[in-house]
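Participant:
2 protein chains.
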Amino acid sequence: MSTDRLIDAILQKKNPTVLGLDPQPSHLPPEFLQEAAEEYGETLEALAIAAVRVNEVLIDALHDIVPAVKLQLACYEQLGPAGMVVFAETAELAKAHGLYVIADGKRGDIGSTSEAYSAAYLGGVQFGDKFLTVYDTDALTVNPYLGSDNLEPFIKDCERHDKMLFVLCKTSNPSSREVQELPAGDRVLYKVIAEQISRAGAKLVGSYGYSAIGIVAGATQPSAMRVLRERHPGLFFLVPGYGAQGGNAEDIAYSFDKYGRGAIVNNSRGITCAWQKSGDPLPDAARRAAIDMRNDLQKHIIMV
Amino acid sequence: MSTDRLIDAILQKKNPTVLGLDPQPSHLPPEFLQEAAEEYGETLEALAIAAVRVNEVLIDALHDIVPAVKLQLACYEQLGPAGMVVFAETAELAKAHGLYVIADGKRGDIGSTSEAYSAAYLGGVQFGDKFLTVYDTDALTVNPYLGSDNLEPFIKDCERHDKMLFVLCKTSNPSSREVQELPAGDRVLYKVIAEQISRAGAKLVGSYGYSAIGIVAGATQPSAMRVLRERHPGLFFLVPGYGAQGGNAEDIAYSFDKYGRGAIVNNSRGITCAWQKSGDPLPDAARRAAIDMRNDLQKHIIMV
Numbered sequence: 372m373s374t375d376r377l378i379d380a381i382l383q384k385k386n387p388t389v390l391g392l393d394p395q396p397s398h399l400p401p402e403f404l405q406e407a408a409e410e411y412g413e414t415l416e417a418l419a420i421a422a423v424r425v426n427e428v429l430i431d432a433l434h435d436i437v438p439a440v441k442l443q444l445a446c447y448e449q450l451g452p453a454g455m456v457v458f459a460e461t462a463e464l465a466k467a468h469g470l471y472v473i474a475d476g477k478r479g480d481i482g483s484t485s486e487a488y489s490a491a492y493l494g495g496v497q498f499g500d501k502f503l504t505v506y507d508t509d510a511l512t513v514n515p516y517l518g519s520d521n522l523e524p525f526i527k528d529c530e531r532h533d534k535m536l537f538v539l540c541k542t543s544n545p546s547s548r549e550v551q552e553l554p555a556g557d558r559v560l561y562k563v564i565a566e567q568i569s570r571a572g573a574k575l576v577g578s579y580g581y582s583a584i585g586i587v588a589g590a591t592q593p594s595a596m597r598v599l600r601e602r603h604p605g606l607f608f609l610v611p612g613y614g615a616q617g618g619n620a621e622d623i624a625y626s627f628d629k630y631g632r633g634a635i636v637n638n639s640r641g642i643t644c645a646w647q648k649s650g651d652p653l654p655d656a657a658r659r660a661a662i663d664m665r666n667d668l669q670k671h672i673i674m675v
Numbered sequence: 372m373s374t375d376r377l378i379d380a381i382l383q384k385k386n387p388t389v390l391g392l393d394p395q396p397s398h399l400p401p402e403f404l405q406e407a408a409e410e411y412g413e414t415l416e417a418l419a420i421a422a423v424r425v426n427e428v429l430i431d432a433l434h435d436i437v438p439a440v441k442l443q444l445a446c447y448e449q450l451g452p453a454g455m456v457v458f459a460e461t462a463e464l465a466k467a468h469g470l471y472v473i474a475d476g477k478r479g480d481i482g483s484t485s486e487a488y489s490a491a492y493l494g495g496v497q498f499g500d501k502f503l504t505v506y507d508t509d510a511l512t513v514n515p516y517l518g519s520d521n522l523e524p525f526i527k528d529c530e531r532h533d534k535m536l537f538v539l540c541k542t543s544n545p546s547s548r549e550v551q552e553l554p555a556g557d558r559v560l561y562k563v564i565a566e567q568i569s570r571a572g573a574k575l576v577g578s579y580g581y582s583a584i585g586i587v588a589g590a591t592q593p594s595a596m597r598v599l600r601e602r603h604p605g606l607f608f609l610v611p612g613y614g615a616q617g618g619n620a621e622d623i624a625y626s627f628d629k630y631g632r633g634a635i636v637n638n639s640r641g642i643t644c645a646w647q648k649s650g651d652p653l654p655d656a657a658r659r660a661a662i663d664m665r666n667d668l669q670k671h672i673i674m675v
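For the record, the sequence lines run as chains S and C.
Residues in the first sequence are numbered from 372 upward in steps of one, following this note's numbering.
Residues in the second sequence are numbered from 372 upward in steps of one, following this note's numbering.
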């Protein structure tokens with residue numbers, strides 16, 4: 372069961388961190404950009420080459436510390452088709468290093484279209500006798516606005532191909548409340564969404580008690596995390612917002628159960644852009660930042 | 372103003388139809404699949420080749436009838452990086468034939484990530500002195516679940532680069548009501564979303580009185596369309612659900628104002644898969660179906 376694999380990986384490294392590999396051109400070290408521009412000119416292909424080289428350095432430097440990576444699809448899409456090659460290569464390299472790979476796409480559409488998104492990231496495409504894997508990732512983030520027939524194709528592929536799903540519930544951005552905290556009957560919207568997801572994932576619970584259908588619950592919302600954790604013991608949380616967005620380890624501890632399980636905390640810029648602050652080379656700065664984050668989380672979350 | 376360009380194109384062809392180019396492998400004519408498989412084997416690349424050839428035939432057969440095309444990103448994404456090349460080539464070919472191009476991605480994320488999605492489809496990426504266009508489309512569909520800081524980067528690019536946005540409001544799928552019709556205070560959620568979008572787009576109104584920030588309002592929800600049209604005269608509607616999903620022209624007429632403006636109606640399979648029912652060659656069957664749909668809409672919508 373995919374959720375068990377993720378939890379095992381976290382426990383083995385005693386680190387519930389997911390490394391966000393989001394190659395925004397403006398966040399890539401200048402020497403990588405210069406080198407690529409000299410080879411390919413100031414083109415999207417050059418940005419893609421710089422991105423994949425940076426990702427290679429980061430995976431090499433961090434694979435023994437972090438259990439998982441999260442690839443923000445927007446950052447790859449904005450580099451054109453070459454960016455999707457980088458996405459595929461990064462996912463493959465991360466898997467080869469034993470890392471769990473989350474595609475962060477926040478996809479969602481009517482049922483027949485969700486099938487196509489699910490085929491891209493969780494399942495595959497049938498062509499004659501062949502079943503073709505497109506992007507070999509372990510999990511995908513999705514958006515709940517279209518309701519259950521949007522989610523079903525993804526859930527089916529989670530069952531069939533042993534994958535995970537993280538459905539947006541309470542996100543980390545300031546304006547999330549404008550929609551997610553609207554009163555929905557006697558509760559607020561994100562709590563209704565959490566109920567819906569909890570029910571939808573009840574049949575896919577692994578041996579640690581967590582479902583393959585988890586949620587996104589932002590680190591900037593400690594009271595929301597606390598309520599959701601208490602009410603939905605089977606929902607695994609993907610927690611964005613640590614560091615740059617203001618979430619801290621003490622608050623994030625609410626996302627975890629008494630065994631120190633049940634969540635994984637994303638950090639992108641805090642690790643991948645640590646070179647900007649320290650002046651150290653990319654791999655050294657990233658490794659230092661990843662170890663600091665692990666130690667910070669370990670202070671507040673006791674994993675057994 | 373981008374909205375004016377779309378409305379002009381509709382009025383010129385007296386046809387508020389947007390042709391959905393959604394190359395699902397199972398919906399492509401077998402002869403295209405066979406030919407591609409002979410050349411490239413049973414691979415994603417072969418599916419991509421078949422998809423682009425089908426799109427070329429459809430654009431060639433229909434560009435004098437329909438004013439716009441909508442490309443469902445999921446269908447291109449599931450063909451891997453080669454699928455995104457097909458997406459780019461199809462968008463380019465459609466533009467070269469004077470068609471308005473809508474990228475249907477239903478994207479949405481926290482602000483900094485939405486910037487990257489917006490760069491991919493509406494704006495571009497800065498690299499040194501160069502501003503690089505990624506996919507040259509006229510409009511993008513987005514998801515409202517993350518609130519206004521998600522929408523802002525897209526709206527900025529609409530203003531800066533003369534583009535349009537269609538925000539999901541009331542979708543055409545059966546389970547849309549599970550979330551979109553939840554009571555939100557004294558109204559239901561999709562009406563609150565419509566208010567938010569209406570306010571956000573108020574500064575980008577074109578000469579026909581329609582904003583560059585429109586909504587998706589499904590043809591399967593006639594009462595919703597009617598209420599939204601009355602309450603929000605400045606919101607332009609992208610209307611999915613005609614034909615295959617059950618929406619008919621009489622109901623859809625509620626999406627239009629008294630001048631027969633204010634909406635565009637999508638049809639994908641009803642046109643692109645018409646060969647399955649009629650047995651005619653792809654271009655002939657598609658052309659017949661597109662003309663039938665135009666005539667059907669013209670019966671109920673008087674465009675002046």
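Cβ coordinates follow ideal geometry from the N, Cα and C atoms, glycine included.
1. What does residue 433(S) reach in chain C if we use C-beta pairs closer than 7 Å?
2. Give the residues from the region 513-542 of chain S that approach chain C closer than 8 Å (Cβ to any Cβ), ordered along the chain.
3. Does the pairing of the region 442-457 of chain C with the region 442-462 of chain S give three or more beta-carbon distances under 8 Å?
4. Of the choices 629(S), 623(S), 543(S), whose alpha-carbon is the least far from that of residue 516(C)?
5. Would you verify that the beta carbon of residue 613(S) is, or is not, closer than 7 Å to some beta carbon of chain C?
6. Quick one, which of 461(S), 654(S), 565(S), 428(S) has its alpha-carbon nearest residue 473(S)'s?
7. Rank 590(S), 546(S), 487(S) by C-alpha distance to the C-alpha of residue 527(S) and give the top, closest one.
8. At which residue ranges does the region 473-514 of chain C contain complete alpha helix (DSSP H) runs of 4 or more residues, listed in the order of the chain?
9. Confirm, please, whether the CB-CB distance from residue 600(S) to residue 569(S) is below 7 Å.
10. Give the interface partners of residue 545(C) over in chain S, defined as CB-CB distance under 7 Å, in chain order.
11. Buried or exposed for residue 401(S), please, with buried defined as at least 16 other CB atoms from any protein chain shown within 10 angstroms of its CB.
12. Taking buried to mean at least 16 other C-beta atoms within 10 Å of its own C-beta, is residue 491(S) buried or exposed?
13. Residue 387(C): which of 644(C), 610(C), 493(C) sits nearest, CA to CA?
14. What are the boundary residues of the beta strand (DSSP E) that includes residue 660(S)?
15. Is the beta carbon of residue 393(C) sitting closer than 7 Å to the one on residue 547(C)?
16. For a test of the three-state rule: what should DSSP assign to residue 583(S), helix, strand or coil?
17. Is residue 632(S) helix, strand or coil when you go by DSSP?
18. Hey, how far is the Cα of residue 656(S) from the Cα of residue 395(S)?
19. Starting from residue 488(S), find everything on chain C with Cβ-Cβ shorter than 8 Å and list it in chain order.
20. Using a Cβ-Cβ cutoff of 8 Å, what residues of the region 651-665 of chain C are near chain S? List them in chain order.
21. By Cβ distance below 6 Å, which residues in the same chain neighbour residue 617(C) in space, the five residues on each side in sequence not counted?
22. For residue 674(C) and chain S, any beta-carbon pair shorter than 7 Å?
23. Give the DSSP-derived three-state secondary structure of residue 540(S) in the structure shown.
24. Measure from the C-beta of residue 550(C) to each C-beta in chain S and report whether the shortest distance is under 7 Å.
25. For chain C, check one thing: does any of its Cβ atoms lie closer than 7 Å to the Cβ of residue 484(S)?
26. With 7 Å as the threshold, decide whether the Cβ of residue 507(S) is near any Cβ in chain C.
27. Taking the alpha helix (DSSP H) that residue 550(S) belongs to, which residues open and close that run?
28. According to DSSP, residue 610(S) sits in a beta bridge with which residue or residues?
29. Which residues of chain S have a Cβ atom closer than 7 Å to the Cβ of residue 575(C), listed in chain order?
30. Classify residue 435(C) as buried or exposed, calling it buried when 16 or more other Cβ atoms lie within 10 Å of its own Cβ.
31. For residue 554(S), which residues does DSSP report across the bridge?
32. Residues in the region 554-566 of chain C with C-beta within 9 Å of chain S's C-beta atoms, listed in sequence order?
33. Taking residue 637(S) as the reference, give the member of 414(S), 660(S), 650(S), 630(S) with the closest Cα.
34. For residue 391(C), which beta-bridge partners are listed by DSSP?
35. Please confirm whether residue 456(C) has its beta-carbon closer than 7 Å to some beta-carbon of chain S.
36. Taking Cβ-Cβ distances shorter than 7 Å, what residues in chain C pair up with residue 477(S)?
Facilitator: Here's the rundown:
1. Correct list: empty, because the minimum Cβ distance to chain C is about 21 Å.
2. Listed by position, the residues of the region 513-542 of chain S near chain C (Cβ gap below 8 Å) are 514, 515, 516, 517, 518, 519, 520, 521, 539, 542.
3. yes
4. The residue among 629(S), 623(S), 543(S) with its C-alpha nearest the C-alpha of residue 516(C) is 543(S).
5. no
6. 461(S)
7. 487(S)
8. 482-492
9. With respect to the 7 Å criterion, residue 569(S) and residue 600(S) are not classified as neighbours on the basis of their beta carbons.
10. Going along chain S in sequence order, the residues near residue 545(C) (Cβ under 7 Å) are 520.
11. Only exposed fits residue 401(S), as fewer than 16 other CB atoms lie within 10 angstroms of its CB.
12. buried
13. Ranking 644(C), 610(C), 493(C) by Cα distance to residue 387(C) puts 610(C) first.
14. Not the beta strand (DSSP E): residue 660(S) falls in the alpha helix (DSSP H), residues 653-671.
15. no
16. coil
17. coil
18. 18 Å
19. What residue 488(S) touches in chain C, judged by beta-carbon distance under 8 Å, is 445, 448, 449, going in chain order.
20. Identification of residues in the region 651-665 of chain C having a C-beta nearer than 8 Å to some C-beta of chain S yields an empty set.
21. 591
22. no
23. Secondary structure of residue 540(S) (DSSP, three-state): strand.
24. yes
25. yes
26. no
27. 548-551
28. Bridge partners of residue 610(S): 636(S).
29. Here the premise fails: no neighbours, minimum Cβ distance about 19 Å.
30. Exposed, because fewer than 16 other Cβ atoms sit within 10 Å of the Cβ of residue 435(C).
31. DSSP lists 559(S) as partners of residue 554(S).
32. 554, 555, 556, 560, 563, 564
33. 660(S)
34. DSSP output for residue 391(C) lists 441(C) as bridge partner(s).
35. yes
36. Per Cβ cutoff of 7 Å: 479, 480.
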